[in-house]
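The structure appears below as structure tokens.
Protein chains: 2
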Amino acid sequence: MSGEFDLISRIAARVSPRSDVILGIGDDGAILHPPAGSELVIVTDTLNSGVHFPESTAAHDVGWKALAVNLSDLAAMGATPAWCTLALSLPSPDDAWLDACIDGFLALAEQHGIALVGGDTTRGPLSLTVTACGFVAAGTALRRDAAKVGDDIWVSGTLGDAAAALREVLQGKSCVDVLRSRLDRPTPRCALGQSLVGIAHACIDVSDGVLQDLGHVCAASGVGAEIRLDALPTSDALVALTVGAERWRLQSAGDDYELCFTADPSQRDALVTMSNTLGVRLTCVGRVVAGDGVHAFDANGREVRLQTSGYEHFA
Amino acid sequence: MSGEFDLISRIAARVSPRSDVILGIGDDGAILHPPAGSELVIVTDTLNSGVHFPESTAAHDVGWKALAVNLSDLAAMGATPAWCTLALSLPSPDDAWLDACIDGFLALAEQHGIALVGGDTTRGPLSLTVTACGFVAAGTALRRDAAKVGDDIWVSGTLGDAAAALREVLQGKSCVDVLRSRLDRPTPRCALGQSLVGIAHACIDVSDGVLQDLGHVCAASGVGAEIRLDALPTSDALVALTVGAERWRLQSAGDDYELCFTADPSQRDALVTMSNTLGVRLTCVGRVVAGDGVHAFDANGREVRLQTSGYEHFA
Chain A
20 MSGEFDLISR
30 IAARVSPRSD
40 VILGIGDDGA
50 ILHPPAGSEL
60 VIVTDTLNSG
70 VHFPESTAAH
80 DVGWKALAVN
90 LSDLAAMGAT
100 PAWCTLALSL
110 PSPDDAWLDA
120 CIDGFLALAE
130 QHGIALVGGD
140 TTRGPLSLTV
150 TACGFVAAGT
160 ALRRDAAKVG
170 DDIWVSGTLG
180 DAAAALREVL
190 QGKSCVDVLR
200 SRLDRPTPRC
210 ALGQSLVGIA
220 HACIDVSDGV
230 LQDLGHVCAA
240 SGVGAEIRLD
250 ALPTSDALVA
260 LTVGAERWRL
270 QSAGDDYELC
280 FTADPSQRDA
290 LVTMSNTLGV
300 RLTCVGRVVA
310 GDGVHAFDAN
320 GREVRLQTSG
330 YEHFA
Chain B
20 MSGEFDLISR
30 IAARVSPRSD
40 VILGIGDDGA
50 ILHPPAGSEL
60 VIVTDTLNSG
70 VHFPESTAAH
80 DVGWKALAVN
90 LSDLAAMGAT
100 PAWCTLALSL
110 PSPDDAWLDA
120 CIDGFLALAE
130 QHGIALVGGD
140 TTRGPLSLTV
150 TACGFVAAGT
160 ALRRDAAKVG
170 DDIWVSGTLG
180 DAAAALREVL
190 QGKSCVDVLR
200 SRLDRPTPRC
210 ALGQSLVGIA
220 HACIDVSDGV
230 LQDLGHVCAA
240 SGVGAEIRLD
250 ALPTSDALVA
260 LTVGAERWRL
270 QSAGDDYELC
280 FTADPSQRDA
290 LVTMSNTLGV
300 RLTCVGRVVA
310 GDGVHAFDAN
320 GREVRLQTSG
330 YEHFA
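Just so you know, the sequences run in chain order A and B.
Here the first sequence is numbered in our numbering, starting from 20 and rising by one per residue.
Here the second sequence is numbered in our numbering, starting from 20 and rising by one per residue.
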């Protein structure tokens with residue numbers, strides 16, 4: 020079984036270089052060269068075993084998801100990923116588990132050109148905290164506080180798949196791969212986020228549930244939102260599994276890592292073109308209104324109050 | 020008891036602003052303005068309850084130490100602190116504990132002018148991961164790989180105090196305040212680290228024990244080191260508590276958060292002046308030699324092999 024420093028060396032040997040990384044893993048800190056004229060975006064998210072992923076999750080997928088949820092935050096800011104750190108607590112050394120975890124982490128990192136430049140490995144309950152940095156041209160980052168009355172509200176991909184998979188797993192049922200992979204290996208919408216700069220007004224990633232996350236946008240922007248629940252984008256697998264309010268509850272439960280953004284109705288054609296170009300489904304699910312709060316309606320225009328409004332730690 | 024979002028708002032309301040923070044806590048990410056012509060230094064360190072601090076540690080001190088160990092890494096790179104994030108996992112919500120923890124964190128942050136710009140609060144075993152960013156003029160960061168044969172080896176402050184305090188605490192003994200405060204509220208040597216730029220060759224922070232940390236410098240620089248154990252800087256409190264090899268073991272056990280650096284002997288006068296100016300004790304404890312590894316000697320010039328050579332997770 021390897022010690023801490025062998026472990027660090029083994030990870031360092033597998034990281035892809037970037038020309039703006041002057042010094043990566045192996046010193047007290049990494050030395051990095053920020054691009055001139057850009058603003059730096061920093062995000063951080065923790066995954067704890069049994070809280071953010073089932074204990075049965077494969078090591079590869081734990082590594083993937085730890086980076087994915089952070090890339091999703093960079094995407095929501097419209098930032099281009101650059102560098103990240105990984106702080107990993109493990110109850111006991113396990114080379115095979117760790118190699119698989121790093122495999123998953125680096126596989127996703129390569130897809131997005133983000134370099135792992137440092138981290139910390141400690142003994143403790145299984146937990147991963149990633150901090151990721153990206154860049155935006157000055158003044159162009161997508162924020163929560165920029166929604167305008169009259170904007171369309173859009174959502175990428177489909178909602179509710181991860182929550183459905185989690186429910187099946189927690190009930191000890193088998194779960195179709197297409198749903199399970201949405202829980203274990205979410206797809207951060209980095210290209211979409213970068214493409215939305217200059218087109219979207221407000222943007223947020225759907226991690227805590229679309230209604231709750233949209234509520235943050237409304238609060239920050241001083242507006243309200245109306246959502247048509249039957250318009251929420253739904254995968255075939257979720258259609259096969261659920262109906263009505265049960266489906267809507269799963270679709271507002273969180274863990275989706277899609278982008279929810281607002282844009283002026285004049286951008287509809289541009290967004291349809293963007294959807295086709297990127298191969299990412301984009302669905303208009305409602306509109307920004309004067310007032311406050313998020314109001315959800317059924318197909319008959321009746322307001323619906325769901326039992327759950329998303330995920331909140333310590334709620 | 021507050022929920023997650025109340026908690027985040029309460030923390031955000033207490034953070035001091037910096038003019039280069041365009042958007043701080045409260046969005047998917049922070050937006051920051053790096054200074055032109057500088058290189059960015061990123062460090063990250065995790066503290067797990069019962070591993071990195073005794074479970075009896077006061078909440079204020081947990082917050083302080085989580086930032087201090089990261090500031091110590093920035094100091095070792097010669098970087099000026101700028102921004103940080105805090106990822107905090109708590110088993111259950113506890114407003115009083117949390118306020119005290121944030122008090123400690125922000126008290127140290129104010130001392131060093133570092134802004135808390137984001138984070139994550141999750142449910143899980145008590146754990147804090149801080150990622151901190153600082154800046155150095157391009158090409159000037161202090162690194163581990165720059166020690167030269169003939170350099171003096173210097174250590175700041177005193178060594179062994181935190182390890183002595185931990186031993187007393189674990190044995191259920193009372194511990195004098197001067198030692199306990201070295202365990203719970205270490206002093207990161209930020210001003211020293213910045214002053215060493217252009218004067219020191221290699222630098223590292225003494226977190227895992229001076230012999231082990233110096234070993235990393237030797238390995239990275241392709242040199243060896245000779246240390247005089249009787250020259251290790253020792254506090255009066257540690258002198259009162261220990262003698263001989265027992266003292267040396269505590270002094271190489273880690274958790275000191277002092278700087279260990281190498282410098283050409285021609286810098287001795289400059290370092291004495293720096294020590295007086297900053298009010299930080301600096302002690303020459305040995306020299307860099309051709310070869311490899313760290314060799315420790317007693318007052319009679321006999322080589323000493325200590326039973327412990329520092330702290331390693333998973334060793």
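Glycine residues also receive a C-beta, built at the ideal position from the N, C-alpha and C atoms.
Spatial distance of residue i from residue j (CA atoms)
| i | j | result |
| --- | --- | --- |
| Glu129/B | Ala272/B | 30 Å |
| Ala49/A | Ile41/A | 8 Å |
| Thr148/A | Val136/A | 14 Å |
| Val216/B | Ala151/B | 19 Å |
| Ser108/B | Thr140/B | 6 Å |
| Ser193/B | Arg208/B | 28 Å |
| Val168/B | Ala309/B | 6 Å |
| Ala334/B | Glu23/A | Legend: pLDDT at Ala334/B = 47, less than 50; position of this residue unreliable, value from coordinates given subsequently. For Ala334/B and Glu23/A, the distance between alpha carbons rounds to 7 Å. |
| Gly305/B | Asp283/B | 12 Å |
| Val81/B | Val81/A | 28 Å |
| Leu161/A | Ser38/B | 20 Å |
| Phe154/B | Ala55/A | 14 Å |
| Met20/B | Ser28/B | Confidence in Met20/B is poor, its pLDDT being 44 and thus under 50, which makes the residue's placement too unreliable to answer from. |
| His52/A | Thr281/B | 26 Å |
| Ile121/B | Met293/A | 43 Å |
| Ala318/B | Trp267/B | 12 Å |
| Leu325/A | Val262/A | 14 Å |
| Asp170/B | Arg287/B | 11 Å |
| Leu290/A | Leu198/A | 26 Å |
| Thr302/A | Thr253/A | 10 Å |
| His79/B | Ala126/B | 9 Å |
| Trp173/A | Glu58/B | 38 Å |
| Arg201/A | Leu66/A | 16 Å |
| Glu187/B | Ala31/A | 37 Å |
Endpoints, beta strand (DSSP E) assigned at residue i
| i | result |
| --- | --- |
| Leu278/A | 277 to 282 |
| His314/A | 312 to 316 |
| Ala49/A | 49 to 51 |
| Cys103/A | 99 to 109 |
| Arg306/A | 301 to 308 |
| Gly243/A | 243 to 247 |
| Asn67/B | 57 to 67 |
| Thr140/A | 134 to 142 |
| Asp171/B | 171 to 175 |
| Leu3/A | Here chain A has residues from 20 to 334 only, and residue 3/A is not among them. |
7 Å Cβ cut-off: residues of chain A touching residue i
| i | result |
| --- | --- |
| His52/B | Glu58 |
| Thr150/B | Thr63, Thr104, Thr150 |
Under 9 Å by beta carbon: chain A residues contacting residue i
| i | result |
| --- | --- |
| Trp102/B | Leu59, Ile61 |
| Ala181/B | In chain order: nothing, as chain A lies at least about 17 Å away. |
is_contact[residue i, chain B] using C-beta, thresh 8 Å
| i | result |
| --- | --- |
| Arg162/A | yes |
| Asp64/A | yes |
| Ala165/A | no |
| Ala55/A | yes |
Any chain A beta carbon closer than 8 Å to residue i
| i | result |
| --- | --- |
| Glu322/B | no |
| Ile223/B | yes |
| Met96/B | yes |
| Ala334/B | Confidence in Ala334/B is poor, its pLDDT being 47 and thus under 50, which makes the residue's placement too unreliable to answer from. |
| Asn67/B | yes |
| Ser108/B | yes |
For residue i, the first and last residue of its enclosing alpha helix (DSSP H)
| i | result |
| --- | --- |
| Cys222/B | Note, Cys222/B: premise wrong, no alpha helix (DSSP H); beta strand (DSSP E) at 222 to 225. |
| Phe154/B | No alpha helix (DSSP H) contains Phe154/B, which is instead part of the beta strand (DSSP E) from 146 to 156. |
| Val216/A | Unbroken run through Val216/A: none, as it is neither H nor E. |
| Gly234/A | 229 to 240 |
| Asn319/A | That residue, Asn319/A, is in no alpha helix (DSSP H); it is neither H nor E in DSSP. |
Interface partners of residue i on chain A, CB under 8 Å
| i | result |
| --- | --- |
| Asp92/B | Asp47, Gly48 |
Contact set between residue i and chain B, taken where Cβ atoms lie within less than 8 Å
| i | result |
| --- | --- |
| Val70/A | Thr141, Arg142, Gly143 |
- What are the residues of the region 27 to 53 of chain A that lie near chain B, defined by any Cβ-Cβ distance shorter than 7 Å? For chain B, the residues of the region 27 to 53 of chain A that bring a beta carbon within less than 7 Å of one of its beta carbons are Ile41, Leu42, Asp46, Asp47, Gly48, Ala49, Ile50, Leu51, His52, Pro53, in chain order.
- Which of the residues in the region 120 to 147 of chain A, read from start to end, lie with their CB under 7 Å from any CB of chain B? Those residues of the region 120 to 147 of chain A that come within reach of chain B (Cβ to Cβ, closer than 7 Å) are Val136, Gly137, Gly138, Asp139, Thr140, Thr141, Arg142, Gly143, Pro144, Ser146.
- Query: Looking at chain A, which residues of the region 73 to 85 of chain B have a Cβ within less than 7 Å of any of its Cβ atoms?
  - Reply: Hits within the stretch: zero.
- Under 8 Å (Cβ pairs) to chain B, residues found in the region 288 to 301 of chain A: Close to chain B, meaning a Cβ-Cβ distance shorter than 8 Å, is no residue of the region 288 to 301 of chain A at all.
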